[in-house]
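Numbered per full-length UniProt numbering, the sequence shown finishes at 391, counting up by one with no gaps. A short write-up of the structure that comes next.
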Amino acid sequence: MVTTTTTEAPEFVPTVRASSQKGSSYSEAYIPALTQQCHASNLLLLPNGDLLCTWFGGSIEGRPDICIYMSRLPSGGNTWTDALKMTHDHTRSEQNPVLFRVPSTGQIRLLYTSQDAGNQDSAIVKQLTSFDNGATWSEPSILFGDAGTFIRQPVIILGDGSWLVPIFKCRAEPGERWLGSDDISCIRISRDEGKSWTEKEIPNSFGCVHMNIQQLKNGSYLGLFRSRWADNVYLSTSPDGLNWTEPQPTILPNPNAGICFDVLPSGRVVLVYNHSSKKDALGRRDGLYDDISDGTDTRANQAIKHGKEAFWGAPRAPLNVAWSNDDGKSWDWKTLEEGDGYCLTNNSEKKLNRELSYPSILIERDGTIHIAFTFWRQRIKYVKLGEDFFM
Numbered sequence: 001m002v003t004t005t006t007t008e009a010p011e012f013v014p015t016v017r018a019s020s021q022k023g024s025s026y027s028e029a030y031i032p033a034l035t036q037q038c039h040a041s042n043l044l045l046l047p048n049g050d051l052l053c054t055w056f057g058g059s060i061e062g063r064p065d066i067c068i069y070m071s072r073l074p075s076g077g078n079t080w081t082d083a084l085k086m087t088h089d090h091t092r093s094e095q096n097p098v099l100f101r102v103p104s105t106g107q108i109r110l111l112y113t114s115q116d117a118g119n120q121d122s123a124i125v126k127q128l129t130s131f132d133n134g135a136t137w138s139e140p141s142i143l144f145g146d147a148g149t150f151i152r153q154p155v156i157i158l159g160d161g162s163w164l165v166p167i168f169k170c171r172a173e174p175g176e177r178w179l180g181s182d183d184i185s186c187i188r189i190s191r192d193e194g195k196s197w198t199e200k201e202i203p204n205s206f207g208c209v210h211m212n213i214q215q216l217k218n219g220s221y222l223g224l225f226r227s228r229w230a231d232n233v234y235l236s237t238s239p240d241g242l243n244w245t246e247p248q249p250t251i252l253p254n255p256n257a258g259i260c261f262d263v264l265p266s267g268r269v270v271l272v273y274n275h276s277s278k279k280d281a282l283g284r285r286d287g288l289y290d291d292i293s294d295g296t297d298t299r300a301n302q303a304i305k306h307g308k309e310a311f312w313g314a315p316r317a318p319l320n321v322a323w324s325n326d327d328g329k330s331w332d333w334k335t336l337e338e339g340d341g342y343c344l345t346n347n348s349e350k351k352l353n354r355e356l357s358y359p360s361i362l363i364e365r366d367g368t369i370h371i372a373f374t375f376w377r378q379r380i381k382y383v384k385l386g387e388d389f390f391m
């Protein structure tokens, strides 16, 4: 029997704190929150040194009060600004924000998903734009209007200037309730700075979502995936960012939760992930949005696809940092944040969820590592690391 406790996240600490336990360069802070739930953060470093963090917040994921929020850590400062509400459509649940800066113009784009309640197969992708480093923003517009389109990971610019947006498609047959068992990954490519797009499917990527793409030091590209099967982190490679191999499991576990990686100037690949899988689960959930079900959805649960079914409820903890010195062929790892990772509920009103999940990572040219992640769905926690963390 699984037991739960009602507990509060640690008191918000507005300024960056240092800790010698994780290296002399380690520091941490909880980003100010305006809502009961905070989840799915994403970081962007601006040329002036400011660091932006965006996430979604509200009561419970999937409800129409879920909107996008943002905070800023000014260059040279140690205090995150108060959170600002970025989106205001209270008819849909708006989630998974991704920040992207256009090098040629300095324009910042905030991409995010917008869906009908807990129906991820209804999601479209919207965007806001800013020409003043995020001080003011446009009204929202639709970027990808085909239902079931989801994003999570950073936009990549290829050597020829093409934009590459990793997407995953949340698919369900008519009369089925989406559960994730038929999701696939694709890339959307624009060669005219977002005016038009083409699409390529990642071969045999069933169950592999949240594709995160980075260029390696040798010029090729690495893609890492979350697994709907809650078994392992999956890996794909590409010589040009456009043509990808079929995803294959790595030795690293995954509980059907977000991952994120970047590459140090040395070429070392650094991944933040949950070192757990369905093997560690004490229970399972029927789906992601059980907490908002009101009994009116009469659709049948999604059938098993491709001989497997999505697994929900594996613990989303501990949160680990893994690194590879051979482009993902082998890995070492170290714990960043301990916890039991209880996530058999997304209920932030009752403060039951204790996941440490959905990391965002970016690495500066000097090797400084910035990470943000979900802390118990009540806060976004920010940490800064140096390379001494790996010693």
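Just so you know, even glycine gets a beta-carbon here, dropped at the ideal spot from N, CA and C. These numbers were taken from a predicted model, which means no experiment stands behind them.
- Taking a contact as a CB-CB distance under 8 Å, the pair Ser114 and Asp89 counts as one, their CB atoms being some 7 Å apart.
- Secondary-structure assignment with DSSP links Phe150 through a beta bridge to Phe168.
- Within the region 271-334, no run of alpha helix (DSSP H) reaches 4 residues while sitting entirely inside it.
- Annotation: Leu73 to Ser236 spans about 34 Å, alpha carbon to alpha carbon.
- Scanning Asp388, Met391, Arg377 for the CA closest to the CA of Ile31 turns up Arg377.
- The C-beta of Asn96 has 16 or more other C-beta atoms within 10 Å across all chains shown, which makes the residue buried.
- In the three-state reduction of the DSSP assignment, Glu387 falls in the helix class.
- If you draw a straight line from the Cα of Arg177 to the Cα of Glu61, it comes to about 17 Å.
- According to DSSP, Ile369 shares a beta bridge with Ile363, Leu385.
- Within the same chain, Cβ atoms closer than 6 Å to the Cβ of Arg152 are found at Asn96, His210, the five residues on either side in sequence being excluded.
- The alpha-carbon separation between Arg354 and Cys343 amounts to approximately 6 Å.
- The beta strand (DSSP E) runs lying completely inside the region 160-223 and spanning 3 residues or more are 163-169, 184-190, 198-201, 208-215, given in chain order.
- Val263 sits away from Ile371, with the two beta carbons spaced by 8 Å or more.
- Taking every protein chain shown into account, the CB of Glu139 has fewer than 16 other CB atoms within 10 angstroms, so this residue is exposed.
- Cα atoms of Ala29 and Asn243: separation of roughly 39 Å, rounded to the nearest angstrom.
- In this model, Arg316 and Gly219 are separated by some 33 Å (Cα to Cα).
- Taking all protein chains shown into account, Gln37 has 16 or more neighbouring C-beta atoms within 10 Å of its C-beta and is therefore buried.
- Glu309 is the residue among Glu309, Thr298, Arg299, Val269 whose C-alpha sits nearest the C-alpha of Arg285.
- The shortest C-alpha to C-alpha distance from Lys305 to any of Ile213, Arg171, Leu45 is the one to Arg171.
- Going by beta carbons, Leu336 and Leu319 fall inside the 8 Å limit.
- A residue is called buried when at least 16 other Cβ atoms come within 10 angstroms of its Cβ; Ser330 does not meet this threshold and is exposed.
- At the C-beta level, Val125 and Leu143 come within 8 Å of one another.
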